[in-house]
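Chemist: So the sequence shown is numbered by our numbering: it starts at 103 and just counts up by one.
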Amino acid sequence: MCNAILAGTQTTTRYLVTVRLYCRTMSLLELVCLGAPVRCVGCGLPGSALCRGCGNGLGSALVPQVPGVDRVVVGWPYRGPARTLVLDLKLRGDRSAAAPLATAMIREVAAAGLMAEAVTWVPGRAHENRRRGLDHAGILAAHVGRALGLPVCPLLRRTGERPDQASLGAAERWANLHGAFAAAACPQKVALVDDLVTTGATAAACARALRDAGATRIEVLAACSAS
Ligand SMILES: [Zn+2]
Numbered sequence: 103m104c105n106a107i108l109a110g111t112q113t114t115t116r117y118l119v120t121v122r123l124y125c126r127t128m129s130l131l132e133l134v135c136l137g138a139p140v141r142c143v144g145c146g147l148p149g150s151a152l153c154r155g156c157g158n159g160l161g162s163a164l165v166p167q168v169p170g171v172d173r174v175v176v177g178w179p180y181r182g183p184a185r186t187l188v189l190d191l192k193l194r195g196d197r198s199a200a201a202p203l204a205t206a207m208i209r210e211v212a213a214a215g216l217m218a219e220a221v222t223w224v225p226g227r228a229h230e231n232r233r234r235g236l237d238h239a240g241i242l243a244a245h246v247g248r249a250l251g252l253p254v255c256p257l258l259r260r261t262g263e264r265p266d267q268a269s270l271g272a273a274e275r276w277a278n279l280h281g282a283f284a285a286a287a288c289p290q291k292v293a294l295v296d297d298l299v300t301t302g303a304t305a306a307a308c309a310r311a312l313r314d315a316g317a318t319r320i321e322v323l324a325a326c327s328a329s
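(1) Listed in chain order, which residues are found with a beta carbon closer than 5 Å to a heavy atom of ligand 1?
(2) Need the endpoints of the alpha helix (DSSP H) that E321 sits in, please.
(3) Report the three-state DSSP secondary structure of A244 (helix, strand or coil).
(4) What do you get for D196, buried or exposed, if any count of 16 or more other CB atoms within 10 angstroms of its CB means buried?
(5) So, is L131 buried or exposed, given that buried needs 16 or more other C-beta atoms within 10 angstroms?
(6) Do you know how far the Cα of R194 is from the Cα of T113?
(7) Using beta-carbon positions only, say whether G170 and R259 come within less than 8 Å of one another.
(8) Could you tell me the distance, in whole angstroms, from the CA atom of S150 to the CA atom of V140?
(9) Excluding sequence positions up to five away, which residues of its chain have a Cβ less than 6 Å from the Cβ of P148?
(10) Mapping the DSSP letters down to three states, classify A163 as helix, strand or coil.
(11) Got a sec, what are the start and stop residues for the alpha helix (DSSP H) D190 sits in?
(12) Quick check: L152 and L187, are their CB atoms within less than 8 Å of each other?
(13) How far does the alpha helix (DSSP H) with D314 in it extend, from its first residue to its last?
(14) Spell out the partners DSSP gives D172 in its beta bridges.
(15) Under DSSP, the beta strand (DSSP E) around A220 begins and ends at which residues?
(16) Going by DSSP, what residue range makes up the alpha helix (DSSP H) through R234?
(17) What number of angstroms, rounded off, separates the C-alpha of V168 from the C-alpha of A277?
(18) Measuring CB to CB, does A239 end up less than 8 Å from A204?
(19) Could you give the distance in angstroms between the alpha-carbon of G235 and the alpha-carbon of A200?
(20) For R227, which of A282, P166, G161, A286 has the nearest alpha-carbon?
(21) Under a Cβ-count criterion, where at least 16 other Cβ atoms within 10 Å of its own Cβ denotes burial, should S327 be classed as buried or exposed?
(22) Tell me V211's beta-bridge partners as DSSP assigns them.
(23) Put M128 into one of helix, strand or coil per three-state DSSP.
(24) Am I right that A268 and V254 are in contact with their C-beta atoms under 8 Å? What's the rounded C-beta distance?
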């Protein structure tokens, strides 16, 4: 996209095409906020989307066991400013919320290590991605892959529309996602990124698809845990 923008600045016509392309990649909110200082969602101080003090105040997250997953790494508990960041990224398309969420995952990886050869993510629903202008877990995966020096690969796809997990009870969530994902041929060791792990049903369904496609070790990196 960056090359397309640079190459499109030769003529007025190309400039207009460039603007249209650029606007399609950004939400109106992001355009309005360009140039505004990033502020902590917890205390409002400028500098970052979540300051060190508010991050430290979140405490440690519970790490769930997920069937088919070798290890789960969680950045924060899903509460307070961490929850705000997840919702800002996911529902408002605020890309600035992704960096602190990814940083929390990287912090935990630095402490525990990671064996993955590639990073992928839980793909969002197509119609929601189009409406929001981004695939939020993909944005997180891009941050994580860049920080770890690992390739970021779109290995998973949804096989069809299913009811939103948030509308279902714990038992229903597992049944709802059976066969909900399929994967391209993939490396043996994969890190699967998502914003939030709750029951683990989504991560387990993705892990099953990745294993069917050749993965032998799967590590889940979740920004938050609501377990
Ligand atoms: Zn703060």
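The beta carbon of each residue, even a glycine, is placed where N, CA and C say it ideally should be.
Modeler: According to the data block:
(1) C142, G144, C145, C153, C156
(2) Your numbering for residue 321 matches position 219 in the sequence shown. It is not in any alpha helix (DSSP H) - E321 instead sits in the beta strand (DSSP E) that spans 319–327.
(3) As a position in the sequence shown, residue 244 is number 142, starting the count at 1. Note: A244 maps to helix in three-state DSSP.
(4) Residue numbering aside, residue 196 sits at position 94 when the sequence shown is read from its first letter. Buried, since its Cβ has 16 or more Cβ neighbours within 10 Å.
(5) Your numbering for residue 131 matches position 29 in the sequence shown. Note that L131 scores a pLDDT of 43, beneath 50, so its modelled location is shaky; the value from the coordinates is reported in the next line. It is exposed - the Cβ of L131 has fewer than 16 other Cβ atoms within 10 Å.
(6) Residue 113 sits at position 11 when you count from the first residue of the sequence shown. Residue 194 sits at position 92 when you count from the first residue of the sequence shown. Summary for T113: the model assigns pLDDT 34, below 50, so the residue's position carries little reliability, and this model does not support an answer.
(7) On the sequence shown, position 68 is the one that residue 170 refers to. On the sequence shown, position 157 is the one that residue 259 refers to. No, Cβ-Cβ distance for G170 and R259 is not below 8 Å.
(8) Here residue 150 corresponds to residue number 48 of the sequence shown, with the count starting at 1. Here residue 140 corresponds to residue number 38 of the sequence shown, with the count starting at 1. Between S150 and V140, the C-alpha separation is close to 5 Å.
(9) If you number the sequence shown from 1, residue 148 lands on position 46. Correct list, in chain order: P139, R141.
(10) Position 61 of the sequence shown, counted from the start, is the residue given in the question as residue 163. In this structure, A163 counts as coil in the three-state DSSP scheme.
(11) Taking the sequence shown and counting its residues from 1, one reaches residue 190 at position 88. First-last of the alpha helix (DSSP H) with D190: 182–194.
(12) The count along the sequence shown starts at 1 and reaches residue 152 at position 50. The count along the sequence shown starts at 1 and reaches residue 187 at position 85. Cβ distance < 8 Å, so L152 and L187 count as in contact.
(13) Here residue 314 corresponds to residue number 212 of the sequence shown, with the count starting at 1. It spans 303–314 - the alpha helix (DSSP H) in which D314 sits, taken as one unbroken run.
(14) Here residue 172 refers to the residue found at position 70 of the sequence shown. According to DSSP, D172 bridges with nothing at all.
(15) By 1-based counting over the sequence shown, the position of residue 220 is 118. 220–223 is the span of the beta strand (DSSP E), which, as asked, contains A220.
(16) For this step, residue 234 is matched to residue 132 along the sequence shown. It spans 228–234 - the alpha helix (DSSP H) in which R234 sits, taken as one unbroken run.
(17) As a first step, residue 168 must be located in the sequence shown, where it is residue number 66. As a first step, residue 277 must be located in the sequence shown, where it is residue number 175. Cα to Cα, V168 sits roughly 15 Å from A277.
(18) For the purposes of this step, residue 239 is taken as residue 137 along the sequence shown, with counting starting at 1. For the purposes of this step, residue 204 is taken as residue 102 along the sequence shown, with counting starting at 1. No, they are not a contact pair.
(19) On the sequence shown, position 133 is the one that residue 235 refers to. On the sequence shown, position 98 is the one that residue 200 refers to. Straight-line Cα distance between these residues: approximately 14 Å.
(20) For the purposes of this step, residue 227 is taken as the residue at position 125 of the sequence shown. R227 has its Cα closest to that of A282, out of A282, P166, G161, A286.
(21) Here residue 327 corresponds to residue number 225 of the sequence shown, with the count starting at 1. Its Cβ being crowded by 16 or more others within 10 Å, S327 is buried.
(22) The sequence position of residue 211 within the sequence shown is 109, counting from 1. Per DSSP, none; premise fails for V211.
(23) By 1-based counting over the sequence shown, the position of residue 128 is 26. Caution is warranted here: a pLDDT of 43 is assigned to M128, below 50, making its placement in the model unreliable, and the coordinate value is therefore given only provisionally. Reduced to three states, the DSSP call for M128 is coil.
(24) Here residue 268 corresponds to residue number 166 of the sequence shown, with the count starting at 1. Here residue 254 corresponds to residue number 152 of the sequence shown, with the count starting at 1. Not a contact, Cβ separation roughly 26 Å.
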